Every structure is written in structure tokens, then in C-alpha cells.
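Protein chains: 2
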Amino acid sequence: MSDRFYYGNVLILCLLLFSKKNNFKDKLLIMINFKRSVNCGGCNDCNMKSPLFSLLNEEELALVNKDRFEVSYRPGEMIFKQGTASTHILMLTSGLVKLYLEGYNGKNLILKVVKPHQMFGGRGLFYDNRNYYTAASLDNTTVCFVNVENFKKCVRTNPDFAEKFIEHLNRTSVYILSRFVDLTQKQMPGRVADALLYLANDIYESNPFKVTLSRQDFAEMTSLSKESFIRILKEFKDEGLIVMNGDFIEIAKMDALKKISQVG
Amino acid sequence: MSDRFYYGNVLILCLLLFSKKNNFKDKLLIMINFKRSVNCGGCNDCNMKSPLFSLLNEEELALVNKDRFEVSYRPGEMIFKQGTASTHILMLTSGLVKLYLEGYNGKNLILKVVKPHQMFGGRGLFYDNRNYYTAASLDNTTVCFVNVENFKKCVRTNPDFAEKFIEHLNRTSVYILSRFVDLTQKQMPGRVADALLYLANDIYESNPFKVTLSRQDFAEMTSLSKESFIRILKEFKDEGLIVMNGDFIEIAKMDALKKISQVG
DNA sequence: AATTTTGATTGATTTAAATCAATATGTTGA
DNA sequence: TCAACATATTGATTTAAATCAATCAAAATT
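Residue numbers (my numbering), protein chains in the order written: chain V, 92 to 355; chain F, 92 to 355.
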């Protein structure tokens, strides 16, 4: 655990001790007893960081915590595969994960990138408990596995939790719908612009940003061939829209790129 | 109301009077007091026909029934529009409805076709209560509008209902995901085959079937231009895969068409 | 019945993007 | 340090599908 991370935690602790929000004192007691790991301090971490898990009460939190476990992955490793049984809801503790559909002739389609403290998996929940996409690490990554049966119990006992979970499902769906239109109707420059804006603004939340995606990943994200993606990227570079430096990409003309994204 | 429909109802009534399933006697009492219309006998109809609404108890059913109303549409009429507030969950009582995304330059993308006793709307539920697609009638259609606040109350009070609703959301999502891959990876013949198989097997559930979709609708369903769709359809006809007669299409070689769908 | 309008069909042409092929650059491992 | 391999880039060519332009057929309107 880095020093920065440690001091950050201490700061949050102090702030919360003086606030009455979320029954902090009670939660503190549970926290001390929870299993801890390198990457998180038990479900209380999520309880504070995730708008979903913060809705659980002590008892529910303990239930979720009971069977949870963490796994680390190196870049490129698969976390779960499309078609297999969905036995856990996953929470990304650190790193970056890609969710993709395995299509025809070995062609994949990256649906979205997951960043820390976001949930994934569970699309088959209450349906047929299967995974409908594959998840793979893009980085050194740690993932927390929450038993799906325990999760389901919480959905049943806690209406706020159920509502928030439905919100999560719908938010993801709505995002996928927007990508659906983008990939079927925009042409190459618009789709490449979308991918760059998505990474800078939503995923890495910095500009310039260091990409851990391969060109192949980018291609699967924009539903283009690798070569076509590279060509458009080069055009953007030649036009001064972006600056590339090693693994870093900087969006130099944000407004111009947004315009390309909108025009399609 | 047609005679066939009437006798069908009487038959169901008799069968249920002798069964102990679903507290039928209690429900009968409510039924008599419920608002009735040409197309349905109040929410009890749904209570019997929909796997979702059949999970509601008397009280919840009465709540849902309180503010519900029915509207009829002629072919082509819009039911709700993408971007507007989602104030109701809708249940199709008769006819056929297309759900489509409004994309760029007036191009639409038909997500799915809804058939009677299926629910639609509510994708923005618990999220931002907006409609993320447009719904329009493909036929003479009647739709039952259920107040979204009443629906939400049922989700909170009835965990079985909540679970079934999540199942519905996930089932739809999973279908959309499969279409996502199909439309971005298959080429024209595969997509046209998909559309024909979908209509015959899932929507009209008959072969031959009478199409109420225009060529433009087909194009928006396959993400092709109208002309390209027509060309492939003609190819299929020339090859004897399908037989066309007026508004009717018959899939003559089901296995061959399925093969084309799979190959892409 | 004649006319206008709308939707469906067919053909010719253009365009976007994939594929194929070659080269370059970077990484890993002996 | 250099080979072996993977990944990235660039160029030439092909292909799939859109667009453009007519024509045809079927409704709707006068």
C-alpha cells in the first residue's frame, strides 16, 4: 500500500469520525473485525466508496463480507469468460478491466472499460446466471469477488439496495445503447474520436493519459480493423488534434475532437 | 371483443375456479370491481398473462390498477419518444410495437419488436426516468399505461416482483448485446437472415407470416440501406430460400437460412 | 378514371473500410 | 548482444455496402 493511499485513508477516517453521516461509529466497529487485504480493508471500503454498497446495513455487509475474496491479475489475464456460469458479482479494487463480447471469427467487441470501485458481472442475474461477456485485465489488477447468492439476498431484504442495483443495470444499458448507435452509424473518424474522449474523460480522467490498451484493443473498441484505427490516429496526429509520446496520448484540441465525434 | 376471445376467457375462468393456484377466489372479487376496457379486463388480465404481474398480491394489484389507462394507436403512430420523461411502464395489450434508437442524420435503429403481453419502457427507471428509445406502433395497437410511481412501490414492497423485473431487464439487455455483435460483425446476408428468422420464430410465431413492417423498417432493423436490404431479399427469393406473396413471406428453407445467419 | 403521391425495385457508380502484403519498431529471452 | 518474436505502421488492392438515379407498382386523392 502506497504512502499516499495510507494517508488518504487516514484523512477520510478523521473526517468521518466527526460527521454523523452513515452511522460511522457503528461501521467502524465492524471494519476492525473485517478481513483485510493488500488492496482493500474489507467490504467497508466499498461501503464508503461505492454508492451501491453504502446502502447495506451492518448485517447485510457482514453477509457480503463473509464469502468474499480477492484475486490479483497481471495485464491481459482473463477474469471470467462469456458463456460460463456467473457465480460472483465483481468489484474492481485496483487496475483496469475490459468487458468484451466474443463475436464471430475470433472478432471481439469491447463494450466498456471498468475502473476501480465499479462493479461488473451480474448481467445474467435473476435470469440464467451466465456471463454474457468476457472480462479481462488491462493492467495489474485486483478484483473482489462477492458471492452472487449473498448479493441476491441483499437485493431481497433491502429495497434501497435493489433500487440502486436496478439503477446500475439501467445506467450500463443506456451507455451500451449509445455505443450501439455510435458503432453502427458513425464512420471511422467519429468512432476513433469517441474512443479517445472516453478514455481521457471517463476512464483515465487525465489528459495526457498513458494507454495500456493495445492497438488491437482500440480496434475492438471502435469496431474497426487494427490498420484502419492506426490510420485515423495518424491523421489526427498529423492534423495536430492529438500528440503522441511513447504510451502517452494527449488530446491537444479537445473541442475539435468533440466536433468530429458529434459529426460522426 | 371477438367471440373467440370471450370464450377463451370463460374457459380460463372455469379452469381457475377449480384450482387453488394464486388465491383465485380472492382475485375474482377484485376483478369484478376493476376497470374494464375493450382490450383487457383490468390488471387481472396481466396478472394471469404476465409472469411479472402475476407476482403481485391483491393490494399491489389494486395500486397498479388505480391509475392505469389504455390507449389505442393506429399503424405508424408514436407511443413515446426518445429523450422525453418516462412516466409510465407500458404493457402491450394487442398489436405490435417497434422500439428504436434515433441516431444520426435521421437514421434509426430498431432494437426489438414487442408483442402482446410484453412490457416495454422503463429503461431509465430508478436512473433518470427518461426514455432512451422511441416506441411506435406497427399495427392497430392497444397499450396499457402503468404509473411509474406505483410500479416502483411494488418493486420496493415485493422482492419477488423486484427479482422478476431485474430478470426482465437483464433478459432484454442480453438480447440487445447479441444484436450488437450481429450488426457490427455479420455482413448483409447474415443480418437479413436474422431479421427473417426473428420475425417468423419470435414475433409472428408463424411461417408464412404477414409482415406489417415496411422495407425502411427492415433496413433499420438490419442497419442496412433500404436498397441493400431489398437486394438481399431478392437474392434469397431467387435462390428459393423464401417465397414472397403480397405481404406474406414464407421461409421455404429454414435450415439453409439458419446456416446463413450463423456464417454471418 | 385520371392524377398525384408514396413505397418498392432495379441498375450504375462511388465510397468507406477491410484485407493483403511489406516493413519497421520494440520486447523478450538465450 | 543479437536473434526470435510480437506488435505497430505504412502502402497497394480489393470488397462490401452506400449512394445516386431511374423506373415501376400500388394506394390515395381528386
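Cβ atoms here follow ideal geometry from the backbone N, Cα and C, with glycine treated the same way. Here the structure is a predicted model, which means the values were calculated and not measured.
Short Cβ contact (7 Å threshold) for residue i with residue j
| i | j | result |
| --- | --- | --- |
| Ile201 (chain F) | Met312 (chain F) | yes |
| Pro299 (chain V) | Glu341 (chain V) | yes |
| Leu332 (chain V) | Ala347 (chain V) | yes |
| Cys235 (chain F) | Thr184 (chain F) | yes |
| Asn238 (chain F) | Asp158 (chain F) | yes |
| Gly67 (chain F) | Tyr195 (chain V) | Lying outside 92 to 355, the shown extent of chain F, residue 67 (chain F) is not represented and no answer is given. |
| Gly133 (chain F) | Asn156 (chain F) | yes |
| Gly186 (chain F) | Asn222 (chain F) | no |
| Gly212 (chain F) | Ile180 (chain F) | yes |
| Leu154 (chain V) | Asn241 (chain V) | yes |
| Leu190 (chain V) | Lys198 (chain V) | no |
| Lys206 (chain F) | Ile294 (chain F) | yes |
| Asn261 (chain V) | Tyr218 (chain F) | yes |
| Leu146 (chain V) | Asp251 (chain V) | yes |
| Thr275 (chain F) | Leu229 (chain F) | no |
| Asp182 (chain F) | Met139 (chain F) | The sequence given here has Met at residue 182 (chain F), not Asp. Not closer than 7 Å, so no. |
| Ser141 (chain V) | His208 (chain V) | yes |
| Lys301 (chain F) | Phe339 (chain F) | yes |
| Phe256 (chain F) | Val272 (chain F) | no |
| Ala284 (chain F) | Ser352 (chain F) | yes |
Residue interval of the alpha helix (DSSP H) (run including residue i)
| i | result |
| --- | --- |
| Glu161 (chain V) | Here Glu161 (chain V) belongs to no alpha helix (DSSP H); instead the beta strand (DSSP E) covers Phe160 to Tyr164. |
| Leu146 (chain V) | Element bounds for Leu146 (chain V): n/a, residue is neither H nor E. |
Below-7 Å beta-carbon distance, residue i vs any chain F residue
| i | result |
| --- | --- |
| Lys198 (chain V) | yes |
| Arg214 (chain V) | yes |
| Ala253 (chain V) | yes |
| Pro299 (chain V) | no |
| Lys116 (chain V) | Confidence is the limiting factor: at Lys116 (chain V) the pLDDT is only 44, short of 50, which leaves the residue's position unreliable and the question unanswerable from this model. |
| Glu258 (chain V) | yes |
| Thr178 (chain V) | no |
| Val272 (chain V) | yes |
| Leu143 (chain V) | no |
| Ser247 (chain V) | Before going further, note that residue 247 (chain V) is Arg rather than Ser in the sequence given. Output row for Arg247 (chain V): interface = yes. |
| Tyr223 (chain V) | yes |
| Phe96 (chain V) | Note on Phe96 (chain V): pLDDT 43, under 50, position unreliable in the model; the coordinate value appears next. No - not a single Cβ of chain F is within 7 Å of the one on Phe96 (chain V). |
| Gly174 (chain V) | no |
| Thr303 (chain V) | no |
| Phe217 (chain V) | yes |
| Ser185 (chain V) | no |
| Tyr191 (chain V) | no |
| Ser314 (chain V) | yes |
| Asn261 (chain V) | yes |
| Gly194 (chain V) | yes |
Span of the beta strand (DSSP E) around residue i
| i | result |
| --- | --- |
| Phe171 (chain V) | Met169 to Phe171 |
Residues sharing a beta bridge with residue i, DSSP
| i | result |
| --- | --- |
| Ile180 (chain F) | F:Val237 |
Beta carbon proximity, residue i to chain V, threshold 7 Å
| i | result |
| --- | --- |
| Val265 (chain F) | yes |
| Gly355 (chain F) | yes |
| Pro280 (chain F) | no |
| Thr275 (chain F) | yes |
| Ser319 (chain F) | no |
| Tyr289 (chain F) | no |
| Met122 (chain F) | Interpretation of Met122 (chain F) is limited by its pLDDT of 42, a score under 50 that renders its predicted location unreliable; the figure taken from the coordinates is listed afterwards. No, no contact with chain V. |
| Leu268 (chain F) | yes |
| Lys126 (chain F) | Residue placement at Lys126 (chain F) cannot be trusted, given a pLDDT of 45 that sits under 50; the coordinates are not used to answer. |
| Pro250 (chain F) | yes |
Cβ-heavy atom distance, residue i to the ligand HEM, below 6 Å
| i | result |
| --- | --- |
| Gly186 (chain F) | In the structure shown, the ligand HEM is absent, as is every other ligand, since no ligand is present at all. |
Ignoring anything shorter than 3 residues or poking outside the region 183–246 of chain V, list the beta strand (DSSP E) runs there in chain order. 188–193, 199–205, 225–228 and 232–238
Uninterrupted beta strand (DSSP E) stretches inside the region 276–350 of chain F (no shorter than 3 residues): 333–336 and 339–342
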